Amino acid sequence: MANLIVPGDQVNLLATAPDGERYLYQNVNVIAVGATPAPQPGETTASTTPAGGSGLLTFAVPPQAAAKISVANGLYLTLVPPGNQPVAVPPVTQNNLFSGPLTPYA
Numbered sequence: 000m001a002n003l004i005v006p007g008d009q010v011n012l013l014a015t016a017p018d019g020e021r022y023l024y025q026n027v028n029v030i031a032v033g034a035t036p037a038p039q040p041g042e043t044t045a046s047t048t049p050a051g052g053s054g055l056l057t058f059a060v061p062p063q064a065a066a067k068i069s070v071a072n073g074l075y076l077t078l079v080p081p082g083n084q085p086v087a088v089p090p091v092t093q094n095n096l097f098s099g100p101l102t103p104y105a
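As structure tokens, this is what we get:
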């Protein structure tokens with residue numbers, strides 16, 4: 000994750016499905032990156048995040064969500080800002096990839 004995601008961040012999880020890419024979960028709490036846990040009260044992420052990473056992320060999710068994440072095919076993450084409000088997002092397919100107006104994020 001190029002050391003961009005740190006414990007305490009929130010991410011959205013996208014997964015590949017037969018009908019296209021879908022958001023699996025939004026605003027998922029990251030509790031560890033590699034062997035580095037989320038900072039304790041009074042610590043900063045800079046003091047707990049190592050220079051290198053293993054690519055392993057641990058999320059705070061219920062058991063059913065963990066089971067879905069473990070079998071998800073083609074899992075992608077997006078880092079979300081604090082206070083992000085989840086929204087319903089329809090699946091993205093090759094047929095609708097370029098539909099609609101361009102946005103600042105396109």
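In numbering that gives the first Met the number 0, the protein residues as written are 0 to 105. Note that the Cβ used here is the ideal one computed from N, Cα and C, for glycine as well. Bear in mind that the values here come from a model prediction, so they are computed numbers and not experimental data.
Thinking residue i and residue j are a contact (beta carbons under 8 Å), I'd like their distance in whole angstroms, please.
| i | j | result |
| --- | --- | --- |
| Val27 | Leu12 | 6 Å |
| Leu107 | Gly33 | The first residue shown for the chain is 0 and the last is 105, placing residue 107 beyond what the model contains. |
| Gly19 | Thr102 | That belief does not hold up - the Cβ atoms of Gly19 and Thr102 are roughly 19 Å apart, past 8 Å. |
| Val29 | Phe58 | 6 Å |
| Ile134 | Leu23 | As displayed, the chain neither begins before 0 nor continues past 105, which places residue 134 out of reach and without an answer. |
| Pro90 | Arg21 | 5 Å |
Which same chain residues, not among the five before or five after residue i, have their C-beta less than 6 Å away from its C-beta?
| i | result |
| --- | --- |
| Asn72 | Thr15 |
| Pro85 | Gln25 and Asn26 |
What did DSSP end up calling residue i once you bin it into helix, strand or coil?
| i | result |
| --- | --- |
| Ile30 | strand |
| Thr47 | Model confidence at Thr47 stands at a pLDDT of 48, short of 50, so the residue's coordinates are unreliable and nothing is read from them. |
| Pro62 | helix |
| Val10 | strand |
| Val79 | strand |
| Val70 | helix |
| Leu56 | strand |
| Glu42 | coil |
| Leu101 | coil |
| Thr35 | strand |
With a 10 Å radius around its C-beta and 16 neighbouring C-beta atoms as the bar for buried, classify residue i as buried or exposed.
| i | result |
| --- | --- |
| Pro6 | buried |
| Asp8 | buried |
Quick one: residues in its chain with C-beta nearer than 7 Å to the C-beta of residue i, no 5 flanking neighbours on either side, listed in chain order?
| i | result |
| --- | --- |
| Val79 | Gln9, Val10, Asn11 and Asn26 |
Which residues in the same chain as residue i place their Cβ atom closer than 8 Å to its Cβ, once the five residues preceding and following it in sequence are excluded?
| i | result |
| --- | --- |
| Thr77 | Val10, Asn11 and Leu13 |
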